[in-house]
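The structure under discussion appears below in the form of structure tokens.
2 protein chains.
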Amino acid sequence: MKDRIRYAPLRDKITDPATAAAHIVDGTNVFISGFTAGYPKMIPMELARRAEQGENFKINIYAGASTGELVDGLLSNTDLVNWRRPYMSDRTMRKKINNNEILFKDDHLSRLSSLVRCGDWGAVDVAVVEAVAITEKGHLVPTMSVGNTPTYVKHADKIIIEMSQSDPQGLEGIHDIFIPEDPPYRMPIPLYRTADRIGKPFIEMNPDKVVAILESGEKDTCAVFQSPGEIPLRIGEQILDFVRHEMKQDRLPKTLPWQAGVGDVSNAVLSRFMEDDFFQSVDLYSEVIQDSVLDLIDMGKIRAASASAMTLSEKARDRFFKEIYRYREKIILRPVEISNSPEVIRRLGVIAINTALEADIYGHVNSTHVMGSQLMNGIGGSGDFERNGALSFMVTPSMAKNGAISAIVPMVSHVDHSEHSVDVIVTEQGLVDTRNLTPRQVAEAVIKKCAHPDYRDLLWDYYSRAVHKVGGHEPHLLGEAFSFHQRFMETGDMKI
Amino acid sequence: MKDRIRYAPLRDKITDPATAAAHIVDGTNVFISGFTAGYPKMIPMELARRAEQGENFKINIYAGASTGELVDGLLSNTDLVNWRRPYMSDRTMRKKINNNEILFKDDHLSRLSSLVRCGDWGAVDVAVVEAVAITEKGHLVPTMSVGNTPTYVKHADKIIIEMSQSDPQGLEGIHDIFIPEDPPYRMPIPLYRTADRIGKPFIEMNPDKVVAILESGEKDTCAVFQSPGEIPLRIGEQILDFVRHEMKQDRLPKTLPWQAGVGDVSNAVLSRFMEDDFFQSVDLYSEVIQDSVLDLIDMGKIRAASASAMTLSEKARDRFFKEIYRYREKIILRPVEISNSPEVIRRLGVIAINTALEADIYGHVNSTHVMGSQLMNGIGGSGDFERNGALSFMVTPSMAKNGAISAIVPMVSHVDHSEHSVDVIVTEQGLVDTRNLTPRQVAEAVIKKCAHPDYRDLLWDYYSRAVHKVGGHEPHLLGEAFSFHQRFMETGDMKI
């Protein structure tokens, strides 16, 4: 433990969880590390213990994005959370947000650090951050994610550090920490290529603010990846075919970096890269690095992989830790305001692939609210990438719940990405490039190519009646626009 | 005329409209100058003449944004338009787009030049551009707008120039022409302050591509501005009060540049500046410069005013032309991909003010489609500014059509700007800063503060039933979400 605290004066701050967590009381704004991985574990467990012993308090939790069971699950189950921002994916927390028992505002991930810096979120009372080391000068080396930690540490009144014993010190050097300037009079973010390193390999920290250091043996909850099924593979294949075609026609440069959201389709696209000779020397400019990236690095296909976090399966994590010195050459972990920076995404010309909950016949996309009202996880970084990428894909299997739900609907029940920000819609059925089509042409193509055959007639019936009864540039029957959703809520099936 | 063609070899290209327009035939892609102002007039008149004489042909028209009666009106009336992009505001054209007689795709204005450069819009057959001069080296000095003209001229197979005799040569020097690089390997747009000039005062042109030069005595249709009514003034006042408060609380820097869309509210905000001692040395980083900017320059309140075009009343235009050497010191006209650049808007930290057709209780905004189906004008630059500004306002009078329409509805009938991109909603009734509110808190505040009192009970009834019957993070009754719109379409009044 002490060898990881290379700034000797801070060794006096080593303490126990109860003493450390005493800095957190009712109403405290707690800003934590974590972006799918790299979140604190000891402090949440101690807070949950206090709650279970009958202490009555609530805190506000701000992270980089989602965390694991030990934060969002545990703190929700013990009713400790007042506000939570900016993103989560925990089942209990989701339920409580939808019940209005936890306050939540869904926001683009790229925005948050700057809002904290301008004081918009209130005082940064306590930052709780996971680290693998403290440098000789008292700076912080984070673990498997960066998220908003640099800004949280910079603005915190008090800092509590959980020194992870399960993450290797070899992680030092993988991070690239740069806090952009705020307006006015700011200069460009000096990142011009995916592989560029523009900052320091540690988070600058004022050691005087550190009130406690804990030894942590806890590990991140690992991701579970299955080998991609037929539907994600079909989607991935169509994307690669389309991009290859655009590149061969000279409408798209061959060396644009790729972003793929977390999940099956993303993994499927990446696994298709492995088998494809056309795509060599791939740059990834994304949010999260998943297992398949390690395979691609091993095959020599990755020029650089940039993200704000790594989410690996247990097996992949062991492999990564074992050969960290080799993987570190290719992987860069950045603050989320850089990994998701609209300025940088636009400059690099990222090819963006994100998952829709549902898309409508005119190309609007719902990423967040099931049946219009129930929050799923949040918009995350999808808006940052879809709106700013050089080419943006929205993907979804054409049906869900064994066919009871069509992912293509007359009108989405919640819009996160408007028709203006979505270029290409893909299901396992087919792909529609909306960029040069009128809304009516989009509708006709999406019904024909993307919708599942079981739903085509129903969609066509809606569309053709909307055209004849109402007309207009984007014909809708407002009284029936949500008829698919209403049927599902009444009968459990959008078809009946 | 000849003194305006300082590159002598091009003087041979002076010809008549019929000869020039012969380069445009059925199916020609015609890329024209024009962004509210500065559009060609002679060629459209000649094309209309040919149509009236019975020639049967259609063309595709691509401009910078909207144009005047002599382009969009005349060419629509003579049924000459197949495709029109990217924005228009003409009554006849609007009708034909809604009838699917003219093809139209609504897109962010900032996107278009880059799509043309990558070949996405097809061949640039003919560029038709209005100019005040051709330089000694054969380059082009545009008139009152820049729009997409630099890219159109660069990529055109043939160029037709309309040399305006009604615009003074003193306009030379007001333009700043910079075509950004395309990905990959591109560098930042080197614009760091509103006043920066980063390009050349002319549009680079290959004179060999010029096939015709016409002498034009036609003028742009002038804007008609009325002195702002009580409602826009109330909206403007609240915006300035709010911004002043945020600045005094140190949550917003004092020197951020402003953008205000075209129209009454924008003019009202600017006219409030005149009376307000708090706001001095204002930067405007906007799309269009209107009359009130000249007043502010005269008062010494403007540090720099940057836009892609000037739209002035007849009286203001005379005044501007008369003292152009003085105004030119403060005004910069840029390509729309620079004036509306997400990268630059974000870097500068623009305070954005745009007009909504309607907003819903959760903060989603419809800018484009009346009753969900009928296109009004298009999204224009509102998405570029709202999504990327440091603080973004969406403004609308709380009612329209003498109270028969509420601008605050349960759910907007078309989403152009999602809740994630809109910070503050303002009507003459009040203002809601949504940035730190949950959707339910937004709804309660918007109903109470922004909705007109005549509609508050109806909105509250919808919202409270949605909360109790459906619940969720953003409670909606999908069967009634458009009940306001349906009532209006049935009875002519949203209330009854």
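Just so you know, the protein sequences line up as chains C and U, in that order. Count along the first sequence starting at 1, add 28, and that's the number in our numbering. Count along the second sequence starting at 1, add 28, and that's the number in our numbering. Beta carbons are placed, not taken as given, at the ideal position from N, Cα and C, and that holds for glycine. Predicted, not measured: the structure shown is a model, and the values here were computed from it.
Between which two residues does the alpha helix (DSSP H) harbouring P72 (chain U) extend?
Position 44 of the second sequence holds residue 72 (chain U). It spans 70-80 - the alpha helix (DSSP H) in which P72 (chain U) sits, taken as one unbroken run.
Can you list the residues of chain U that V443 (chain C) reaches, using a CB-CB cut of under 8 Å?
Counting from one through the first sequence, the residue named residue 443 (chain C) turns up at place 415. Correct list: H392, V443, S446.
Might you give, ordered along the chain, the residues of its own chain that have their beta carbon closer than 7 Å to the beta carbon of P218 (chain C), omitting 5 neighbours on each side?
By one-based count along the first sequence, residue 218 (chain C) stands at place 190. Here the set comprises I226.
Three-state secondary structure assigned by DSSP to S434 (chain U)
The residue labelled residue 434 (chain U) in the question sits at position 406 within the second sequence. Here S434 (chain U) sits in strand by DSSP.
Which word fits I524 (chain U), buried or exposed, when buried means at least 16 other C-beta atoms lie within 10 angstroms of its C-beta?
The sequence position of residue 524 (chain U) within the second sequence is 496, counting from 1. The residue is exposed, with fewer than 16 neighbouring Cβ atoms inside 10 Å.
Please confirm whether S192 (chain C) has its beta-carbon closer than 8 Å to some beta-carbon of chain U.
If you number the first sequence from 1, residue 192 (chain C) lands on position 164. It does not; no Cβ of chain U falls within 8 Å.
Residues of the segment 401-414 of chain C whose Cβ lies closer than 9 Å to any Cβ of chain U, in chain order:
S401, Q402, L403, I407, G411
Using only CA atoms, which one of U:C146, U:E386, U:S309, U:F349 lies nearest to D319 (chain U)?
Sequence index remark: in the second sequence, residue 319 (chain U) carries index 291 (1-based). Among U:C146, U:E386, U:S309, U:F349, the Cα nearest to that of D319 (chain U) belongs to U:F349.
Going by alpha carbons, who is nearest to R279 (chain C) out of C:K329, C:L419, C:I231?
As a first step, residue 279 (chain C) must be located in the first sequence, where it is residue number 251. Of the listed residues, the one whose Cα sits closest to R279 (chain C) is C:L419.
Output, in chain order, the set of chain U residues within a Cβ distance shorter than 8 Å of C146 (chain C).
As a position in the first sequence, residue 146 (chain C) is number 118, starting the count at 1. By Cβ distance, chain U contributes R279, L280.
Residue of C:G101, C:K86, C:A335, C:S94 minimising C-alpha distance to W111 (chain C):
The count along the first sequence starts at 1 and reaches residue 111 (chain C) at position 83. If we check each option's Cα against that of W111 (chain C), C:K86 comes out closest.
Which residues in the same chain as G175 (chain C) place their Cβ atom closer than 8 Å to its Cβ, once the five residues preceding and following it in sequence are excluded?
Mapped onto the first sequence, residue 175 (chain C) falls at position 147. So the list reads S61, G62, F63, G66, A91, G92, A93, S336, A337, P363, V364, once near-sequence residues are dropped.
In the DSSP assignment, find the alpha helix (DSSP H) that holds N105 (chain C) and state where it starts and stops.
For this step, residue 105 (chain C) is matched to residue 77 along the first sequence. Secondary structure note for N105 (chain C): its alpha helix (DSSP H) is the uninterrupted segment 102-105.
Give me the subset of the segment 498-509 of chain C whose CB atoms are less than 8 Å from a CB atom of chain U, sorted by chain position.
V498, G499, G500, H501, E502, P503, H504, L506, G507, A509
Taking only the alpha-carbon atoms, compute the straight-line gap between D236 (chain C) and K282 (chain C) and give it to the nearest angstrom.
Indexing the first sequence from 1 puts residue 236 (chain C) at position 208. Indexing the first sequence from 1 puts residue 282 (chain C) at position 254. Answer to the nearest angstrom: the Cα atoms are 49 Å apart.
Would DSSP call L261 (chain C) helix, strand or coil?
Your numbering for residue 261 (chain C) matches position 233 in the first sequence. Of the three classes helix, strand and coil, the one that applies to L261 (chain C) here is helix, per DSSP.
Where G175 (chain U) sits in the DSSP three-state scheme:
In the second sequence, counting from the first residue as 1, residue 175 (chain U) sits at position 147. Residue state, collapsed to three classes: strand.
Should A384 (chain C) and N394 (chain C) be called a contact, given that it needs their Cβ atoms to be closer than 8 Å?
Numbered from 1 along the first sequence, position 356 holds the residue referred to as residue 384 (chain C). Numbered from 1 along the first sequence, position 366 holds the residue referred to as residue 394 (chain C). Yes, these two residues count as a Cβ contact at 8 Å.
Under a Cβ-count criterion, where at least 16 other Cβ atoms within 10 Å of its own Cβ denotes burial, should R375 (chain U) be classed as buried or exposed?
Locating residue 375 (chain U) in the second sequence gives position 347, where the first residue counts as 1. Buried, since its Cβ has 16 or more Cβ neighbours within 10 Å.
What's the call for T95 (chain U), buried or exposed, on a 16-neighbour Cβ count within 10 Å?
Taking the second sequence and counting its residues from 1, the one referred to as residue 95 (chain U) is at position 67. Buried, by the Cβ-count rule.
If you draw a straight line from the C-alpha of M439 (chain U) to the C-alpha of Y491 (chain U), how long is it?
As a position in the second sequence, residue 439 (chain U) is number 411, starting the count at 1. As a position in the second sequence, residue 491 (chain U) is number 463, starting the count at 1. Here the alpha carbon of M439 (chain U) sits roughly 10 Å from the alpha carbon of Y491 (chain U).
Is there at least one Cβ from chain U nearer than 8 Å to P438 (chain C)'s Cβ?
As a first step, residue 438 (chain C) is located in the first sequence; it is residue number 410 there, counting from the start. It does not; no Cβ of chain U falls within 8 Å.
For R493 (chain U), name the three-state secondary structure that DSSP assigns.
For the purposes of this step, residue 493 (chain U) is taken as residue 465 along the second sequence, with counting starting at 1. Three-state result, R493 (chain U): helix.
F132 (chain C) versus chain U: which residues are under 8 Å apart at the beta carbon?
Position 104 of the first sequence, counted from the start, is the residue given in the question as residue 132 (chain C). Against chain U, a Cβ distance below 8 Å from F132 (chain C) picks out T466, H501.
Note down the Cα distance separating D195 (chain C) from R122 (chain C), rounded to an integer number of angstroms.
The count along the first sequence starts at 1 and reaches residue 195 (chain C) at position 167. The count along the first sequence starts at 1 and reaches residue 122 (chain C) at position 94. Cα to Cα, the separation comes out at about 29 Å.
Per DSSP, what kind of secondary structure is H51 (chain U) in: helix, strand or coil?
Residue numbering aside, residue 51 (chain U) sits at position 23 when the second sequence is read from its first letter. Coil, per DSSP.
Does the structure place the segment 241-261 of chain C close enough to the segment 290-299 of chain C that three or more beta carbon pairs sit under 8 Å?
yes
Cutting at 8 Å between CB atoms, please list the residues of its own chain near G520 (chain U), excluding the five before and the five after it.
Within the second sequence, numbered from 1, the residue matching residue 520 (chain U) stands at position 492. These residues qualify, in order along the chain: A432.
Residues of the segment 370-393 of chain U with Cβ closer than 7 Å to any Cβ of chain C, in chain order:
P370, E371, R374, R375, L376, G377, H392
Given this structure, state the Cα-to-Cα distance separating I330 (chain U) from L324 (chain U), to the nearest angstrom.
In the second sequence, counting from the first residue as 1, residue 330 (chain U) sits at position 302. In the second sequence, counting from the first residue as 1, residue 324 (chain U) sits at position 296. Approximately 6 Å between the Cα atoms of the pair.
The ligand FMN and P212 (chain U): does the residue's C-beta get closer than 7 Å to at least one heavy atom of that ligand?
In the structure on display, the ligand FMN does not appear, and there are no ligands present to speak of.
Quick check on H397 (chain C): does DSSP put it in helix, strand or coil?
Locating residue 397 (chain C) in the first sequence gives position 369, counting from the first residue. The answer is strand: DSSP assigns H397 (chain C) an E or B state.
Count the C-beta pairs between the segment 131-139 of chain C and the segment 397-411 of chain C that are closer than 8 Å, then say yes if the count reaches three, no if not.
yes
Members of the segment 208-241 of chain U that neighbour chain C once the beta carbon cut-off is set at 7 Å:
P211, P212, R214, M215, P216, Y220
Quick one: which residues of the segment 250-264 of chain C get their C-beta closer than 7 Å to a C-beta of chain U? List them in chain order.
none
Kindly list the residues whose CB is nearer than 7 Å to the CB of H442 (chain U), restricted to its own chain and excluding five residues on each side of it in sequence; keep chain order.
As a working mapping, residue 442 (chain U) is identified with position 414 in the second sequence. Within the same chain, H442 (chain U) has close Cβ partners N394, T396, H397, G400.
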